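J.:
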Amino acid sequence: MNLYNHYNGSGIFIQIGAGAGDLDKRANCRDGFTEFIKNLPRERIKKIILVEPNKLNIPLLKECWKDYPESSIYEIGIVTKEYKSDSVDFFYCPLDEPHYQVASIIKEHVQKHYGKDCELNKFVSPVKRLENFINEITTEEIELLALDIEGIDAEVILDTDFNNLKLKYLSFEQIHLGNNRNNVLNHLKNSNFNFLGIGIDYNGLDYLYINERFT
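Quick note on UniProt numbering: the sequence shown kicks off at 1 and runs consecutively.
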């Protein structure tokens with residue numbers, strides 16, 4: 001985030017895949033998005049929009065952001081247009097307790113972390129497309145959109161028409177882009193987004209892009 005302009009922006013921040021915020025002990029109580037926002041001057045923060053499909057994470061997520069009345073939590077998942085239903089199954093491995101960080105609509109994503117022998121459980125969550133969700137909750141300029149959508153980051157990015165969003169910065173987990181890596185990077189380039197460097201993940205697993213109209 002070295003090239004992120006911390007002093008200028010709309011102050012509207014969105015995190016897709018908020019988990020338990022900075023209260024997940026298995027992650028050493030660290031979360032890149034949460035750390036980034038909480039290090040900003042309070043006068044810079046206008047809205048914090050948090051999206052998390054797993055109801056087990058909601059109590060700690062509320063605790064994490066209790067001192068920020070600017071925050072709103074949406075208990076939904078994000079999917080692509082291929083999903084026609086208003087709700088879908090999310091799969092998780094019991095070994096991933098208590099916050100099930102790799103819960104996903106893609107079974108294989110969970111099995112990649114915990115093996116095919118893990119007996120998967122599931123929960124149902126309401127879902128929306130990213131583009132639809134954002135335009136329903138705000139028509140204002142979004143300063144930062146952070147994506148960590150376990151197993152379908154690439155598909156969601158490719159499914160999104162960024163010309164329909166007022167977005168300045170995009171940070172997303174790049175390690176699971178797989179065979180879609182080049183497609184994703186080309187889609188962002190064609191959507192007038194330029195690569196800046198490492199994004200908000202504290203392990204350095206995110207890419208950061210900026211809409212070129214802000215450069």
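Ideal Cβ placement from N, Cα and C applies to all residues, glycine included.
On a predicted model such as this, the values are computed, not experimentally measured, just so you know.
Just confirm the distance between the C-beta atoms of residue 14 and residue 49, as a whole number of angstroms; I'd bet it's less than 8 Å.
T.: For the purposes of this step, residue 14 is taken as residue 14 along the sequence shown, with counting starting at 1. For the purposes of this step, residue 49 is taken as residue 49 along the sequence shown, with counting starting at 1. That pair is a contact at about 4 Å.
J.: Would you kindly work out how many angstroms separate the C-alpha atoms of residue 98 and residue 74, rounded to a whole number?
T.: Looking up residue 98 in the sequence shown gives position 98. Looking up residue 74 in the sequence shown gives position 74. Cα to Cα, the separation comes out at about 20 Å.
J.: Taking the alpha carbon of residue 200 as the point to measure from, which residue in 138, 51 and 33 has its own alpha carbon closest?
T.: Along the sequence shown, read from residue 1 onward, the residue named residue 200 stands at position 200. The candidate whose alpha carbon is nearest that of residue 200 is 33.
J.: With a threshold of 16 other CB atoms inside 10 Å of the CB of residue 12, please say whether the residue is buried or exposed.
T.: Position 12 of the sequence shown, counting from 1, holds the residue named residue 12. Result: buried.
J.: Got a sec, what are the start and stop residues for the beta strand (DSSP E) residue 89 sits in?
T.: Residue mapping note: residue 89 aligns to position 89 of the sequence shown, counting from 1. That run of the beta strand (DSSP E) goes 87 to 92.
J.: Going by DSSP, name the residue or residues bridged to residue 69.
T.: Counted from its first residue, the sequence shown places residue 69 at position 69. Answer is none; residue 69 lacks a bridge partner.
J.: How many Å lie between residue 170 and residue 163 at the Cα?
T.: Here residue 170 is taken as the residue at index 170 of the sequence shown, counted from 1. Here residue 163 is taken as the residue at index 163 of the sequence shown, counted from 1. When rounded, the distance between both Cα atoms is 13 Å.
J.: Should the segment 54 to 69 be regarded as contacting the segment 134 to 151, the criterion being three or more beta carbon pairs within less than 8 Å?
T.: Judged by Cβ distances under 8 Å, the segment 54 to 69 makes no contact with the segment 134 to 151, as fewer than three pairs qualify.
J.: So the candidates are 104, 22 and 151; which of them puts its Cα closest to the Cα of residue 180?
T.: Working through the sequence shown from its first residue, we reach residue 180 at position 180. Considering only alpha carbons, the answer is 151.
J.: Rounding to the nearest angstrom, what Cα-Cα distance links residue 17 and residue 104 in this structure?
T.: Position 17 of the sequence shown holds residue 17. Position 104 of the sequence shown holds residue 104. Distance between the alpha carbons of residue 17 and residue 104: 10 Å.
J.: Using a Cβ-Cβ cut-off of 6 Å (strictly less than) and excluding sequence neighbours within five positions of residue 148, which residues of its own chain qualify?
T.: As a first step, residue 148 is located in the sequence shown; it is residue number 148 there, counting from the start. For residue 148, where only same-chain residues beyond five positions count, the Cβ hits under 6 Å are 17 and 173.
J.: Report yes if the CB atom of residue 177 is closer than 8 Å to the CB atom of residue 154, and no otherwise.
T.: Taking the first residue of the sequence shown as position 1, residue 177 is located at position 177. Taking the first residue of the sequence shown as position 1, residue 154 is located at position 154. Against a cut-off of 8 Å, the Cβ pair of residue 154 and residue 177 comes out as a contact.
J.: Taking the CB atoms as reference points, tell me whether residue 87 and residue 124 lie closer together than 8 Å.
T.: Stepping through the sequence shown from its first residue, residue 87 is reached at position 87. Stepping through the sequence shown from its first residue, residue 124 is reached at position 124. Yes, these two residues count as a Cβ contact at 8 Å.
J.: Quick one, are the C-beta atoms of residue 30 and residue 202 less than 8 Å apart?
T.: Walking along the sequence shown from the start, residue 30 turns up at place 30. Walking along the sequence shown from the start, residue 202 turns up at place 202. Taking 8 Å as the Cβ cut-off, residue 30 and residue 202 qualify as a contacting pair.
J.: When the Cα atoms are used, what is the spatial distance from residue 100 to residue 185?
T.: One-based indexing of the sequence shown puts residue 100 at position 100. One-based indexing of the sequence shown puts residue 185 at position 185. Roughly 29 Å separates the two Cα atoms.
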